[in-house]
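One structure below.
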């Protein structure tokens, strides 16, 4: 894996504050976990209020946590005064999203000046056992904090 | 656009019943709109509880409605005894998702025996004006109702 | 469809000259067809030297023509002094790529200052009949001619 | 990484024979390298006849080798009597594809009965140094050898 040095040493604080402003995360019940250079984890317990018609976690909710994990992974490597937005992502849903809890892990693969490419995955846990339920490949963009996109 | 003939004439009832079981839709505030062969619309009013850190609709919530619109568009063309699951999708977020309300439109491009390819879009409305905020290209799979995937 | 006004009135000449420098196109036998604001066509006759193991056009060759069609569609709307590069694309292969000839059509969906989102398709022709064999959703980037990326 | 056991012990022979029938590979100058359960490498020397307008390897050619690497990685795990086809893939082009030679590596992430999800990458080599130039996430399908898709 590549080694990264965040240009803003306070990246973790900045990300936790940003995450607290993502009301969608509160609504679905997600919390932010580990944050390190180029990698962010998001945790989500299973709950009846975020499922599709078969009782699996809705694919869009799976996407919501792994998109944020990838976006914040990219954000760990952006300088002060930056915002991060998702340009696009692709998600494969590999197994029905069933389990007690889910962990989304976003990792930076290539950090450019403007665009950052990330890889993400979502694991479903039942007790100590985990299963890969989704795989994401995403492109994130850095925009200037003051300039609206 | 291709013309489609649903193998199950009661496809609309079946889809409305399935949609009512998607608790994620109630949680975010989405309702199902138009349903016709190979095309389904989902409506979502803007709300403070489904945003990301900048006050835009979270990209994962944008994905949630257009994934369901595409999945149900595919489902209009599946025979009785089928379930539909998302295999994978790719979403481009083209403009910040800001507006009074959003409409996701899913359309079938190619319906195969097992796999269906769909195209989806999300429009943001402010009064009568609309703007394209997201574009999806998705693969859906038909699975037998009795067999767990 | 959106209406576009190219900032460089000589966009067609500029694109034909650029296409002539794509040696990969000569190698596979592709030629450029219609060029208009936000839309470019590329033609490819079937040939034994560009197939996969079953005698279908190789998915990578299908991608080659529709990537160039999308890239040049984006390029029609870029100012003088720009180069265009593919950031990423996603392709669905919907039917085996068999036919006498193929046409790739790239269209701009949203042209931004830096990024352009395109939609592409590849049609296979047998006599007068055509079939959709591939669908692309792509992100292109404008880079300054002088600055190497 | 997951451990895989190929159901057909002669998978390597079967893949080398199939690769020899991919005329597109001869045309671009690619050869097949390492083949092991769930992983296949394809080698391509740089050549003037497979470039785009800036002298980089054409994104479609980059895709051609990594699509075949992923398809054959999936094929290592398919039983006798199967064919493999690409359902869809997404590719990020992360750096200009410049170098003396390129290696595409395809790996199986999840092998299902019908669908297999793969991850692929393309490395550009200049002497002993390598750089990641492309990342693929792909879905492959197993079809019965006798049944045309």
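Protein chains in written order, with the working numbering: chain A, 1 to 149; chain B, 1001 to 1149; chain C, 2001 to 2149; chain D, 3001 to 3149.
Note that CB positions come from ideal geometry on N, CA and C, so glycine has one too.
A quick note: this is a predicted structure, and the numbers were derived from the prediction, not measured.
| Query | Result |
| --- | --- |
| Return the chain-ordered list of same chain residues with a C-beta closer than 7 Å to the C-beta of residue 149/A, the five sequence neighbours on each side being excluded. | Confidence at residue 149/A is low in this model, with a pLDDT of 44, below 50, so the placement of that residue is unreliable and no value is reported for it. |
| Any contact between the segment 1056 to 1076 of chain B and the segment 1129 to 1139 of chain B? By contact I mean 3 or more CB pairs, one from each, below 8 Å. | yes |
| My output table needs one value for residue 2139/C: the three-state DSSP class, helix, strand or coil. | strand |
| Across which residues does DSSP place residue 83/A in a beta bridge pair? | 143/A |
| Taking only runs that begin and end inside the segment 1008 to 1036 of chain B, name each unbroken alpha helix (DSSP H) of 4 or more residues, in chain order. | 1011 to 1020 and 1023 to 1028 |
| So residue 3027/D and residue 3077/D are in contact, right, with Cβ under 8 Å, and what is the actual spacing, rounded? | So it is not a contact: roughly 28 Å between Cβ atoms. |
| Which chain C residues sit within Cβ distance under 8 Å of residue 1117/B? | 2092, 2094 and 2135 |
| Please list the partners that residue 3058/D has in chain C, where partner means a Cβ-to-Cβ separation under 7 Å. | 2022, 2024 and 2064 |
| Please list the terminal residues of the continuous beta strand (DSSP E) segment that includes residue 120/A. | 115 to 126 |
| Where do the ends of the beta strand (DSSP E) carrying residue 109/A lie? | 101 to 111 |
| Among residues of its own chain, excluding the 5 on either side of residue 43/A, which ones have a beta-carbon nearer than 6 Å to its beta-carbon? | 31, 33 and 103 |
| Going along the segment 1026 to 1048 of chain B in order, which residues come within less than 7 Å of chain A, judged by CB to CB distance? | 1027 and 1048 |
| Can you confirm whether residue 2003/C, when its beta carbon is compared against all beta carbons of chain D, has any partner nearer than 9 Å? | no |
| Roughly how many angstroms lie between the CA atoms of residue 3007/D and residue 3036/D, to the nearest whole one? | 13 Å |
| Taking the alpha-carbon positions, what's the residue 2039/C to residue 3095/D distance? | 26 Å |
| Give the residues of chain C in contact with residue 87/A, contact being defined as C-beta atoms less than 7 Å apart. | 2115 and 2139 |
| Does DSSP put residue 150/A in a helix, a strand or coil? | Because chain A is modelled from 1 through 149, residue 150/A falls outside the range shown and cannot be assessed. |
| Is residue 112/A close to chain D? Criterion is C-beta to C-beta, closer than 9 Å. | yes |
| Can you list, in chain order, the residues of its chain with a C-beta nearer than 6 Å to that of residue 1082/B? Leave out the 5 residues immediately preceding and following it. | 1142 |
| Helix, strand or coil: how does DSSP classify residue 3065/D here? | helix |
| Residues of chain B with CB closer than 9 Å to the CB of residue 8/A, please, in chain order. | Result: empty, since nearest Cβ-Cβ is about 16 Å, beyond 9 Å. |
| Let me make sure I understand the geometry here. Which of 55/A, 72/A and 22/A has the alpha-carbon closest to that of residue 11/A? | 72/A |
| Out of 1074/B, 1134/B, 1123/B and 1120/B, state which residue places its alpha-carbon closest to the alpha-carbon of residue 1112/B. | 1074/B |
| Which residues in chain C sit within 7 Å of residue 3053/D, going by Cβ to Cβ distance? | 2018, 2021 and 2022 |
| With residue 126/A and residue 1058/B assumed to form a contact (beta carbons below 8 Å), what rounded beta-carbon distance in angstroms separates them? | That pair is no contact at about 27 Å. |
| Taking Cβ positions only, does residue 3148/D come closer than 9 Å to chain B? | Any reading at residue 3148/D must be qualified, since the residue scores a pLDDT of 49, below 50, and its modelled position is unreliable; no value is offered. |
| With H, G and I counted as helix, E and B as strand and the rest as coil, what does DSSP make of residue 2149/C? | Confidence is the limiting factor: at residue 2149/C the pLDDT is only 44, short of 50, which leaves the residue's position unreliable, though a coordinate-based value still follows. It is coil, neither helix nor strand. |
| If contacts are defined as beta-carbon pairs under 8 Å, then residue 123/A and residue 131/A qualify, I think. What distance do you get, rounded to the angstrom? | 7 Å |
| If distances are taken between C-alpha atoms only, which option among 2052/C, 2134/C and 2004/C comes closest to residue 3088/D? | 2134/C |
| Using a Cβ cut-off of 9 Å (strictly closer), state whether residue 3077/D contacts chain A. | no |
| Taking all protein chains shown into account, decide if residue 3005/D is buried (16 or more other Cβ within 10 angstroms of its Cβ) or exposed. | exposed |
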